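*Asks:* Could you have a look at this structure, given as structure tokens, before my questions?
Protein chains in written order, with the numbering used here: chain B, 490 to 714; chain H, 392 to 838.
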């Protein structure tokens with residue numbers, strides 16, 4: 490077995506196991522904590538569907554609040570949208586997911602992917618710059634922020650490094666031409682998966698219940714959440 | 392008419408308030424142990440989710456008047472939960488045994504440092520939550536921090552003094568049943584009917600120390616409105632104080648005891664509703680957190696004064712004579728009433744019924760800027776410079792409306808506005824909503 494065999498085999502499954510069990514354990518640990526039900530009668534009925542709607546519409550900055558600097562507000566959108574496009578829209582990634590799960594979907598054009606990857610990397614670097622220079626972010630940042638930034642950046646950088654030809658050509662090859670670079674790319678992804686449950690990457694799952702919780706708190710009091 | 396001499400006396404009393412406190416002698420280790428015990432106990436699923444989901448984006452600082460007023464990053468709202476976060480990470484989070492290896496335990500010095508962060512520089516206004524992309528209820532976490540510091544004996548001395556007085560003697564700033572009776576007599580002397588200690592009534596009116604001492608016109612106004620509406624109401628000597636220094640200081644036992652006094656009296660007279668005075672924090676204390684001893688919901692309505700008059704106007708039971716349409720008014724939403732209470736539309740219904748030129752601030756309602764004096768911060772002497780910086784944002788917001796008068800429905804906000812205007816030598820007119828409504832009742836008071 491060479492590096493790629495390890496990366497595609499045992500290490501990948503070990504990383505996925507840590508990821509799935511780790512995320513599940515995070516939720517289990519939360520679920521075993523006691524709850525404090527709201528006793529007072531609500532001012533306004535506010536259902537779980539209402540909470541879900543509010544949680545999803547909170548994706549956009551709220552009108553009426555003092556706007557952040559444009560780049561600070563704009564940058565996270567570039568990063569998250571770019572990352573989603575690269576991960577879910579690039580043909581070799583879709584082929585990888587299909588091999589694992591059997592699920593597939595049409596890919597986006599390579600040029601869109603290259604631009605998305607570049608924008609994602611730049612936005613992550615900008616986020617890092619803010620974190621290292623902005624007084625507020627410097628004050629509140631933790632090791633988790635830095636580790637998360639690193640493990641998110643690595644798959645993007647190593648992924649760009651293995652893109653030497655169009656995705657149609659890559660997928661047409663019977664054998665992988667650049668085995669070691671691809672193995673390194675996969676190892677970087679596996680590092681991200683292993684880190685995921687332990688740090689702030691969990692916000693990818695926690696944002697929804699968190700937003701719904703606040704929406705319910707405010708909504709039943711008759712406040713526009 | 393506010394007696395400014397009394398206001399000065401009140402300010403003077405606050406200046407020496409800390410000297411009245413009797414701090415408990417507690418060993419350093421014991422303080423930390425007590426604080427951690429509260430943090431563990433209060434970290435329920437909702438709080439844990441809040442603590443775990445922060446991505447350290449710092450957006451909350453954009454919404455915080457204390458950060459905006461000072462530009463000091465130590466006041467970033469989410470940072471105020473760091474001690475809770477550390478205790479949770481080490482003791483109750485999913486990977487606590489691993490996190491413990493990398494997360495420093497909290498110390499007495501941490502607790503002492505956090506006193507300023509959760510009392511002086513946070514009014515639990517909740518504005519930070521409105522901008523938080525993760526939906527974290529930071530104000531709730533800050534309140535838990537206050538409870539932890541209270542248990543550790545690390546409450547600011549001014550709040551400790553008043554909380555000890557309320558817990559011990561049942562009075563606040565020396566105001567008890569005798570002082571209430573004195574004010575009731577004074578109002579009756581003005582020809583206003585003020586029922587006191589009636590055995591049965593549909594509505595129990597609650598007042599507050601500030602109204603008894605300083606804003607007696609607000610109490611008079613509420614009485615006149617209730618009389619005008621022919622409501623069967625009463626004040627009760629054994630349960631008239633809306634101010635809850637248990638909530639403000641973080642003393643949960645006192646918070647429950649102070650609420651229980653009101654609840655017991657309301658139950659004793661068979662009240663269908665309790666009307667709270669213009670007091671911001673009294674609303675969440677009773678309306679949202681009040682409950683019967685068995686944990687069941689209160690069997691009566693709890694209404695803020697502004698909510699009550701607004702509702703009466705909206706439902707057509709209360710009409711006002713038209714006011715001066717050239718009079719330019721704006722309104723300050725008290726955070727505890729609006730953002731964390733939902734009392735938003737009713738005060739506006741009352742303001743519009745006044746027939747004046749009503750102008751909204753920008754932003755307004757649930758996004759309104761806090762004045763900086765709530766949650767007991769007004770009483771903390773060392774916090775005055777910080778409070779002033781935060782209040783500047785409020786002042787600019789009010790001035791930008793072009794209104795000549797700002798209307799309030801919270802006595803704490805009103806005190807803070809008066810102090811802020813005094814320090815800034817501002818000519819801003821500050822009025823009570825309930826007093827404006829009573830001044831425009833359709834017929835001269837005959838009670």
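Don't be surprised by glycine CBs; every beta carbon is placed ideally from N, CA and C.
Source: prediction; values computed, not measured.
#1: Please state whether DSSP places residue 600/B in a helix, a strand or coil.
#2: Going by DSSP, which residues form a beta bridge with residue 595/H?
#3: On a Cα-Cα basis, can you pick out the residue from 682/H, 684/H, 567/H, 690/H that is closest to residue 634/H?
#4: Is the segment 527-536 of chain B touching the segment 694-714 of chain B in the sense that three or more CB pairs, one from each, lie closer than 8 Å?
#5: Residues of chain B with CB closer than 9 Å to the CB of residue 839/H, please, in chain order.
#6: Would residue 518/B and residue 484/H qualify as a contact pair, given that the criterion is a beta-carbon distance under 8 Å?
#7: With 16 other CB atoms within 10 Å as the buried threshold, where does residue 552/B fall?
#8: Rounded to the nearest angstrom, how far is the Cβ of residue 651/B from that of residue 671/B, given a contact under 8 Å?
#9: From residue 713/H to residue 532/H, what does the alpha carbon distance come to, in whole angstroms?
#10: Spell out whether any CB of chain B is found under 8 Å from the CB atom of residue 525/H.
#11: Give a yes or no on contact between the segment 522-538 of chain H and the segment 783-793 of chain H, applying the rule of three or more CB pairs nearer than 8 Å.
#12: Mark residue 509/B as exposed unless 16 or more other C-beta atoms lie within 10 angstroms of its C-beta, in which case mark it buried.
#13: List the residues of chain H that residue 692/B touches, going by C-beta distances under 7 Å, in chain order.
#14: Taking the alpha helix (DSSP H) that residue 550/H belongs to, which residues open and close that run?
#15: If the criterion is Cβ atoms closer than 8 Å, does the pair residue 537/H and residue 454/H meet it?
#16: In terms of residue numbering, what span does the alpha helix (DSSP H) encompassing residue 646/B cover?
#17: Give me, in chain order, the residues of the same chain whose beta-carbon lies closer than 8 Å to that of residue 663/B; leave out the 5 immediate sequence neighbours on both sides.
#18: Can you give me the C-alpha to C-alpha distance between residue 836/H and residue 698/H, rounded to a whole angstrom?
#19: Would you check if there are 3 or more beta carbon pairs closer than 8 Å linking the segment 479-494 of chain H to the segment 399-412 of chain H?
#20: Tell me which residues share the same chain as residue 560/H and place their Cβ nearer than 8 Å to its Cβ, disregarding the 5 neighbours each side in the sequence.
#21: Just how far apart, CA to CA, sit residue 838/H and residue 830/H?
#22: Go through its chain and collect everything with a Cβ distance to residue 385/H's Cβ below 8 Å, but skip five positions before and after it.
#23: For a contact defined as C-beta to C-beta under 9 Å, what are the partners of residue 623/B on chain H?
#24: With H, G and I counted as helix, E and B as strand and the rest as coil, what does DSSP make of residue 535/H?
#25: Quick one, which of 803/H, 627/H, 480/H, 600/H has its alpha-carbon nearest residue 515/B's?
#26: Identify, in the order they occur along the chain, each residue of the same chain with its Cβ nearer than 7 Å to the Cβ of residue 451/H, setting aside the five sequence neighbours on each side.
#27: In terms of alpha-carbon separation, which member of 825/H, 747/H, 625/H, 684/H lies closest to residue 663/H?
#28: Cβ closer than 7 Å: which chain H residues qualify as neighbours of residue 542/B?
#29: Around the C-beta of residue 560/B, are 16 or more other C-beta atoms found within 10 angstroms, so that it is buried, or is it exposed?
#30: Strictly under 8 Å for the Cβ-Cβ distance: is residue 688/H near chain B by that measure?
#31: When the Cα of residue 807/H is compared with those of 678/H, 770/H, 818/H, 717/H, which residue comes out closest?
#32: Does the separation of the CB atoms of residue 792/H and residue 752/H fall below 8 Å?
#33: Would you say residue 732/H faces chain B, with C-beta separation under 8 Å as the test?
#34: Could you tell me which of 579/H, 463/H, 550/H sits nearest to residue 773/H, measuring between CA atoms?
#35: Can you name the residues that DSSP bridges to residue 419/H?
#36: Should residue 674/H and residue 596/H be called a contact, given that it needs their Cβ atoms to be closer than 8 Å?
*Replies:* With the structure as the only source:
#1: helix
#2: 625/H, 665/H
#3: 567/H
#4: The segment 694-714 of chain B vs the segment 527-536 of chain B: in contact.
#5: Shown here, chain H extends from 392 to 838; a query on residue 839/H therefore has no answer.
#6: yes
#7: exposed
#8: 5 Å
#9: 45 Å
#10: yes
#11: Using a Cβ-Cβ distance cut-off of 8 Å, the segment 522-538 of chain H and the segment 783-793 of chain H are not in contact, since fewer than three pairs of beta carbons, one from each stretch, lie closer than that value.
#12: exposed
#13: For residue 692/B, the chain H residues whose Cβ falls inside 7 Å of its Cβ are 444, 446, 525, in order along the chain.
#14: 548-559
#15: Result no, Cβ atoms of residue 537/H and residue 454/H do not sit closer than 8 Å.
#16: 632-651
#17: Counting only Cβ-Cβ distances below 8 Å, and skipping sequence neighbours, we find nothing.
#18: Residue placement at residue 836/H is flagged as unreliable, the pLDDT there being 48, under the threshold of 50; the coordinate-derived value follows with that caveat. Each residue's alpha carbon lies about 22 Å from the other.
#19: no
#20: Within the same chain, residue 560/H has close Cβ partners 567.
#21: Low confidence applies here, because residue 838/H scores a pLDDT of 47, under 50, leaving its location unreliable; read the following figure in that light. Linking residue 838/H to residue 830/H through their CA atoms gives a straight-line distance of about 14 Å.
#22: The structure shown does not extend to residue 385/H, since chain H is modelled only from 392 through 838, so no value can be given for it.
#23: 449, 464
#24: helix
#25: 480/H
#26: 467, 468, 469, 519, 522, 523, 529
#27: 625/H
#28: None at all; the shortest Cβ gap to chain H is about 13 Å.
#29: Answer is exposed; the Cβ neighbour count stays below 16.
#30: Yes, residue 688/H lies at the interface with chain B (some Cβ there is under 8 Å from its Cβ).
#31: 770/H
#32: yes
#33: By this cut-off, residue 732/H is an interface position.
#34: Residue 773/H has its Cα closest to that of 550/H, out of 579/H, 463/H, 550/H.
#35: Bridge partners of residue 419/H: none, in fact.
#36: no
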